[in-house]
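The sequence shown runs 366 to 1086 under this note's numbering. Don't be surprised by glycine CBs; every beta carbon is placed ideally from N, CA and C. Written out below as C-alpha cells is the structure these notes cover.
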Amino acid sequence: MDSVRKIGKNRILTALFVLGLSSIMSQLIVIRELLNIFQGNELIIGMILAIWMLHTALGSKLGKGLTGKSGNRKMIARMFSLAGILPALTIILLYVLETHLFPPGTTKGFITTFLFCFFLLLPFCIISGMLFTLLATAISLASEQNKISEAYGWESLGSLAAGILFSLLLSRWLGTFQLLALIILINLTIYMLLMCSVKPYWKILLIPVIWTTLALFLIVTPAEKRIKSLHFKNQDLIYTKDTPYGNVSVTNTAGQFNFYENGGLSFTTENRIMPEEAIHFTLLQLKKPEHILIVSGGKNGMAGEVLKYPSIQHIDYFEINPWLIQAENRFSDPLHSDKLNVVSKDARRWISKSASKYDAIIVNTHDPSNAQVNRYYTLEFFAETKNALRRNGVLSVSLSPTANYMSAGAKEINSVIYQTLKKVFQRVVVIPGERNYFLASDNELHLNISKRVVASGIETEYVNPGYIDDDLLKQNSQLIMHEISGESARINQDLTPLAYFLQINYWLSIWQAKVWVIIILVLLLLLILVLSKSISAVGAGIFAGGFAGASAEFLVIIVYQILYGYVYQMLGIIIAFYMTGLAAGAIMGIRSGTGVSYRSYIFLQIILLQMVIFLPFLILFLSRFSNMPEWTGQTFLLIITGLIALVTGLEFNIASRLEKQKIENIAGNLYGIDLAGAASGTLLVSLVCFPVMGLFNTCLLIAGLILSGILVMAIYGKKYS
C-alpha cells in the first residue's frame, strides 16, 4: 500500500467528495430517466434506490479484496475514469435495450423491470462501492489511524453538494447528456489529480483525451434527442425538456401531436372523444353551469368543450407543470377566451384553500398508479372538493375502461374509488365510455346523456344520439355498479393509499408476479450478502439503522408527493438533506474526540427509535393543516429527514470505532451492511409496507426492527467494552 500512502490526505478527501458527488448526481439522472420510461411510478424510485444500494454494498465488500494489491493508486485512478464514463453508457443502454426488450404496446412487468434495472445499474454501483472501501482504507493508512467515519462524512458531503446543485441549478439549465458530460469531466479531474506524477505522461493523457472528446460530443451534438426518440417508437419526437416537475415530450404521428409527461401520454390534439365525454357527461347534469374547475387533460380540448355552454362565466384550468402548457400552446392552436384562467399550480392545494365555489370539478388525470395521482382519488380530496362545490355541484373523476369484462383487480380498484366517493357524496354513478367516469353529487344524477345533449342544443361529434344509446348506456352503467357496489367498503386515503397499492398489485398480477415471492427472494439475496460471515452485534445495529434511515427518507419522498404533488423537483433536495445529516453525524463524532462505548451506541439507537415513532404524528399534523404556508411543511419534512440521518451518521461513526478488525474489513463490512439495510428498507417500504399498511403501521414495523437491534446490542454489547 506504499503507493496509496503517497497520494496524500487532501487528495483522498477530494476523491471521496467527488465520489459522493458523481454517485448521487448519476443516481438522480438515472431515476429521472427511468421515471420517464416507466411513467412516474414511485415504486420505480424505491426499486432504483434499493438496487443502487444493494450493488454498492456488494462493491464495498469486493473492495476488501483489492486493498492489499500493489499499485492501488493507479487502480483507484482508473476506477474514477470508469465511474465517469459508466453513467453515460448506462443511459444510452437504457434507451437502446428498452427498444428491444419492450416492444410497442407491451406492459412492462415488474420482474422484467426489476431484472432490467438490476443488471443495468450493476457496473457503476460496483465500482462506486469498491472505491469507497479503497479510499476509506487509504485515508486511514495515510493518517495511521481509523478514519473510516471521516471518509463516510466526506463522501456524504459530496452527495449533499450533488443534491443541492442538481435540484436548484443543474437540472434547470442542463439537459441529461450535458449533465453526463459534466460527470465525465469531474471524474477525469480526480484521475489527473491521482496520476499527475506518474510517468510516462503520454499514457496518462490518453484516457482524458478520449473521455473529453466524448464529453464534448454529448454536449454539442443532438445525441440526447436521438437517443430519447428510441422510447417513442413509430413516432417523431419533436420536443423534449426536463423540467422541475418532470419531463415534457411532444411527438408527431401523422399530423397528430401527442403530449407526454414523465413518459405517460397526457393528451393528444386529435382525440375528441375523451374531452367530450369528460366534459359533457358532467356538465349535462347541471341546468346552468357557470364556474368550472378542470384538472389536466389538455387546455384546448377540455376548455373548448366547456365554452360551448352559453351559461359559462369562468373556467379555472390547472396544470402544475407550466412547460406542458407552453408546449401545448406551441404545437397546437392556443385557445383564447376571457373566461379561461390557466393556473400553473397544484390544483389540490388550490381547492383546499380557495374561497371560490364551482358548479363542477372535473379531474382528468391518469389512474392512481402513483402517489402524485392517487391524491386526487382519496377521501380527503373528495371532502375538499365537496367544500369547494356549490350546492348540488358535481365532481368527476375517472379510471381506465373495463369494457365488457371487469377483472378481479379492476373490480377492486373501481370499488375502492366508488366506496370512497360514497363516504362523501349522497349519490355516485359510473358512466362507461373511453374511461369509467365516476360522477358524484348530493343532487340527482342522470344517465340520459343523448336526450340531454339534444335538449341543450350543444354541437358535439361523439357525445350524441349517433354514438350513444341511452338505454344501452344505462344498462352498462348498472352492470358496473352491480359489480363494484357489493365489494367490501375499503377506503382510499392520503396516508393509506389503497388504490395506489391495488394498481401496483394489478401491475404485478399481469405477469403473475407475487409480491411476497419477490420480497423473499430479495431478502434471501440480502442475507447471503450480509450474513456470509455471521453479522456482529454492531453490524445488526447498523443494518437496522440503515433500514430505518433509508425507509424514513423514502417515506418523506412519498409524503412530499402526497402533500405537495411534485417530488420530481425536490428529490435532490430531500436526498441532500439526508446526506447532510449523515455527513454531520460522521464528522461530529470525529470532532468530539470522546471515547465510544456500546452504551452510547444503544443510546443513539433509542433516539432513532423515538424519531421513527414521532414521524407519522408530524406528517399527520402537516396533512391536517393544509392552510399553513407550503414552505413551512416542506421545512419540517426536510429537518426531520436531516435529523434521522444525523443520528444514523453518528451511529455509523461509533460502530466503526467499536469494531475490532482490520481497517479494510471494517470499511467494507459496515458500509456494505449499512447499504444492505437501506436497500431492504427502501424496497419493502415502497413495494408493500406503505401501500398496504399505511404510514403508522409502517413506522411501527421500522421501530420494531430498531428495537431488535437494541436488544441484540444489549445482550452482546459487553464484549465491546
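Nonlocal neighbours in the same chain, by C-beta distance under 7 Å from residue i, ignoring five residues either side
i	result
L447	I492
F632	F624, G662, G663 and G666
L896	Confidence in L896 is poor, its pLDDT being 49 and thus under 50, which makes the residue's placement too unreliable to answer from.
S1073	A909
L487	H420
Y723	H656, I657, L658, A753, L754, R755 and G758
G958	For G958, the predicted structure reports a pLDDT of 48, less than 50, and the residue's modelled location is therefore unreliable. The matter cannot be settled from this model.
L1011	G946, A949 and G950
I972	V1012
D859	R740, T743, E745, I927 and S988
R391	Reading the sequence as shown, one finds Ser at residue 391 and not Arg. The residues are P452, F489 and I548.
F622	V615, T633, T634, F696 and S697
A580	A546, I549 and L550
Sequence-distant residues of its chain with Cβ nearer than 6 Å to residue i (five each side left out)
i	result
Q543	I584
G1091	Because the chain is modelled from 366 through 1086, residue 1091 falls outside the range shown and cannot be assessed.
Q877	Because Q877 carries a pLDDT of 48, less than 50, the predicted location of this residue cannot be relied on, and the following value inherits that uncertainty. Within the same chain, Q877 has no close Cβ partners at all.
L414	T1047
G494	T421, G424 and S425
I644	E670 and V671
S709	P687
V1077	A902 and A905
CB contact flag (residue i, residue j, <7 Å)
i	j	result
F489	L451	yes
T478	L595	no
F445	N375	no
T498	K429	yes
L612	I603	Reading off the sequence shown, one finds Asn at residue 612, where the question assumed Leu. In this structure, I603 does not lie closer than 7 Å to N612 by Cβ.
I549	G449	yes
L386	A527	yes
E693	S676	no
L408	S1051	yes
G822	L393	no
I849	S780	yes
Y610	N511	no
L980	C1064	yes
I389	S532	no
R855	L867	no
T647	I727	yes
L1066	E1016	no
W519	F382	yes
G628	N401	yes
L506	A516	no
I923	I939	no
F912	L1040	no
P1056	Y865	yes
8 Å CB neighbourhood of residue i in its chain, flanking five on each side removed
i	result
A668	I659, I680, Y682, L700, S702 and L705
A1079	I967
V738	T730, H731 and D732
W688	K606, T608, Y610 and V613
R713	R740, Y741, F746, E749 and G930
E485	At residue 485 the sequence reads Leu, which differs from the Glu that was named. Cβ within range, chain order: T455, L458, L459 and L462.
Rounded Cβ spacing between residue i and residue j (contact assumed at less than 8 Å)
i	j	result
Q678	V759	Q678 to V759, Cβ: 17 Å. No contact.
Y802	E642	7 Å
G904	L1035	7 Å
I555	A380	5 Å
T997	Y943	Not quite, the Cβ-Cβ distance comes to about 20 Å (not below 8 Å), so this is no contact.
G540	E509	Not confirmed; about 46 Å, so no contact.
A725	I907	Contact doesn't hold; Cβ gap of about 55 Å is too wide.
D836	K816	About 11 Å separates the two Cβ atoms, so there is no contact after all.
A1068	I978	5 Å
I410	I396	6 Å
Cβ of residue i within 7 Å of any chain D Cβ
i	result
H679	The structure shown contains no chain D; it holds only a single protein chain.
Can you list the alpha helix (DSSP H) stretches of 4 or more residues lying completely in the stretch 456-543, in chain order? Fully enclosed alpha helix (DSSP H) runs of 4 or longer: 475-508 and 513-530.
Would you check if there are 3 or more beta carbon pairs closer than 8 Å linking the stretch 804-819 to the stretch 777-795? Because the criterion of three Cβ pairs below 8 Å is met, the stretch 804-819 and the stretch 777-795 touch.
Are there three or more Cβ pairs, one per stretch, closer than 8 Å when the stretch 1040-1048 is compared with the stretch 992-1006? The stretch 1040-1048 is not in contact with the stretch 992-1006.
Starting from the N-terminal side, write out each stretch of the alpha helix (DSSP H) that is 4 residues or longer and does not extend beyond the stretch 815-873. Fully enclosed alpha helix (DSSP H) runs of 4 or longer: 835-850.
Taking 8 Å as the cut-off, does the stretch 810-820 touch the stretch 771-779 (at least 3 CB pairs, one atom from each stretch)? These segments do not touch.
Which runs of the alpha helix (DSSP H) fall wholly inside the stretch 1011-1052 and span at least 4 residues, in chain order? As far as the stretch 1011-1052 is concerned, its whole alpha helix (DSSP H) runs of at least 4 residues are 1028-1049.
Pick out the complete alpha helix (DSSP H) segments inside the stretch 922-996, 4 residues or longer, and give them in chain order. With a minimum length of 4 residues, the continuous alpha helix (DSSP H) runs that stay inside the stretch 922-996 are 932-957 and 963-989.
Entirely within the stretch 654-681 and at least 3 residues each: give me those beta strand (DSSP E) ranges in chain order. Runs of the beta strand (DSSP E) lying entirely within the stretch 654-681, each at least 3 residues long, are 656-660 in chain order.
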